[in-house]
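Presented below is the structure to which this report refers.
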Amino acid sequence: MNREETLVANFQNVRQALLSACQRSGRDPKEITLLAVTKYAKDQDVLTLLQKGLIVHVGESRVQQAQARWEKPEFARFHTVKHFIGHLQKNKAAKAAELFDFIDSLDNFDTALALEKHVPQGKTLRALVQVKLTDKETQSGLPLEEARQLARRLKTLQRVRVCGYMAIAPQGADETRLRQLFRPLKQAFDEDFKSLPEKYLSLGMSADFETAVEEGSSLPRIGSKLFAENLEGL
Ligand SMILES: *Cc1c(COP(=O)(O)O)cnc(C)c1O
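Residue 205 in UniProt numbering sits at position 205 of the sequence shown, and the numbers go up by one each step.
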């Protein structure tokens with residue numbers, strides 16, 4: 001297989017796995033939006049999937065790197081929905097508010113205010129609050145109760161529109177543990193965003209997206225399973 005064929009095959013495998021997870025859990029595949037995490041991908045690989053019309057939602061974790069890529073004319077001509085999934089420093093908020101459609105990793109009100117101030121007129125910046133699933137210091141995000149409080153507070157903003165939660169599961173967690181971690185979050189999400197027509201629960205990465213979708217994720221974030229040079233061992 002050449003690179004293009006490999007990328008298409010990777011995509012089909014991910015799509016098939018998503019469909020199977022929906023089937024096992026009785027979910028409608030239309031509820032799921034695939035977020036293609038392009039942060040480590042080569043420009044040409046991303047362009048290949050864009051040209052084939054396979055991806056629309058894309059995720060980047062660095063503001064400057066995202067800007068350098070997505071402002072290039074060959075990228076800018078595609079319709080994409082751009083998500084920021086990394087740790088957002090307040091001094092990057094102005095640029096992020098311009099460049100991105102979603103901030104999926106919001107974890108403090110100050111940054112939200114900085115974003116609110118810089119969202120261009122007429123634009124709505126969607127935001128997910130990042131929830132921390134373990135008490136490891138190195139994990140970003142907020143413990144669930146604090147995340148829920150922040151989500152309530154964010155509802156007062158005009159241009160930043162809070163519409164769900166995002167979380168990263170600990171590496172190597174087995175399926176039982178993953179379900180234990182995902183379930184309370186799904187329950188909180190259902191309660192807190194009940195009346196909102198457009199909402200997202202972003203759980204699952206390459207290693208755990210099937211379990212995450214079975215547990216209610218609507219925005220799995222997938223990087224290496226789409227773009228890795230060598231998928232063996234993943
Ligand atoms: C890098 C990253 C991903 C994608 O991870 P893969 O394991 O490569 O699919 C998903 N979510 C976040 C927040 C990331 O930083």
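Glycine included, C-beta positions come from ideal geometry on N, C-alpha and C.
Test item: CB-CB of residue i and residue j under 8 Å
i: Gly141; j: Gln130; result: yes
i: Ala147; j: Leu115; result: no
i: Val119; j: Asp101; result: no
i: Leu203; j: Ala167; result: yes
i: Phe75; j: Leu226; result: no
i: Ser195; j: Ser206; result: no
i: Trp70; j: Leu99; result: yes
Neighbourhood of residue i by C-beta, 7 Å cutoff - its chain only, sequence neighbours within 5 removed
i: Phe189; result: Gly164, Tyr165, Leu201
i: Asp110; result: Lys90
i: Leu144; result: Val131, Pro184, Leu185, Ala188
i: Val160; result: Ala112, Leu115, Glu116, Val119, Leu125, Ala127, Leu154
Contact belief for residue i with residue j at Cβ below 8 Å, rounded distance in angstroms
i: Asp43; j: Leu7; result: The Cβ separation is near 13 Å, so there is no contact.
i: Pro170; j: Thr134; result: 5 Å
i: Ala127; j: Ile103; result: 5 Å
i: Glu210; j: Arg179; result: Glu210 to Arg179, Cβ: 12 Å. No contact.
i: Ser105; j: His87; result: 7 Å
i: Ala96; j: Val63; result: 5 Å
From the options, residue whose alpha carbon lies closest to that of residue i
i: Lys222; options: Cys22, Ile85, Gly216; result: According to the sequence displayed, residue 222 carries Ile and not Lys. For Ile222, the nearest C-alpha among the options comes from Ile85.
i: Ala151; options: Gly122, Ser61, Phe193, Ala167; result: Phe193
i: Pro197; options: Leu226, Val162, Asp174, Gln187; result: Val162
i: Gln158; options: Lys199, Gln139, Asn230, Leu113; result: Leu113
i: Arg177; options: Asn13, Glu71, Asp208; result: Asp208
i: Ser61; options: Thr48, Tyr40, Ile55, Leu47; result: Tyr40
i: Pro73; options: Lys52, Ala228, His57, Leu47; result: Leu47
Contact set for residue i: own chain, Cβ-Cβ below 8 Å, skip 5 residues either direction
i: Ile32; result: Leu18, Cys22, Val213, Ser217, Ser218, Leu219, Pro220
i: Arg77; result: none
i: Ala68; result: none
i: Arg15; result: Leu34
i: Lys155; result: Val162
i: Asp28; result: Cys22
Same chain, Cβ closer than 6 Å to residue i, five either side skipped, listed in chain order
i: Gly59; result: Leu35, Val37, His83, Ile85, Arg221
i: residue 267; result: There is no way to answer for residue 267, as the model of the chain reaches only from 1 to 234.
i: Ile55; result: Ala36, Leu49
i: Ser25; result: Glu214
- Message: List, from N- to C-terminal side, the beta strand (DSSP E) runs of 3 residues or more that fit wholly inside the stretch 16 to 57.
- Response: Listed in chain order, the complete beta strand (DSSP E) runs (minimum 3 residues) inside the stretch 16 to 57 are 35 to 37.
- Item | Secondary structure, alpha helix (DSSP H): runs of 4+ residues fully inside the stretch 114 to 157 | Within the stretch 114 to 157, the complete alpha helix (DSSP H) segments at least 4 residues long are 144 to 154, listed from N- to C-terminus.
- Item | Runs of beta strand (DSSP E) wholly within the stretch 191 to 232 (minimum 3 residues, chain order) | Listed in chain order, they are 200 to 202.
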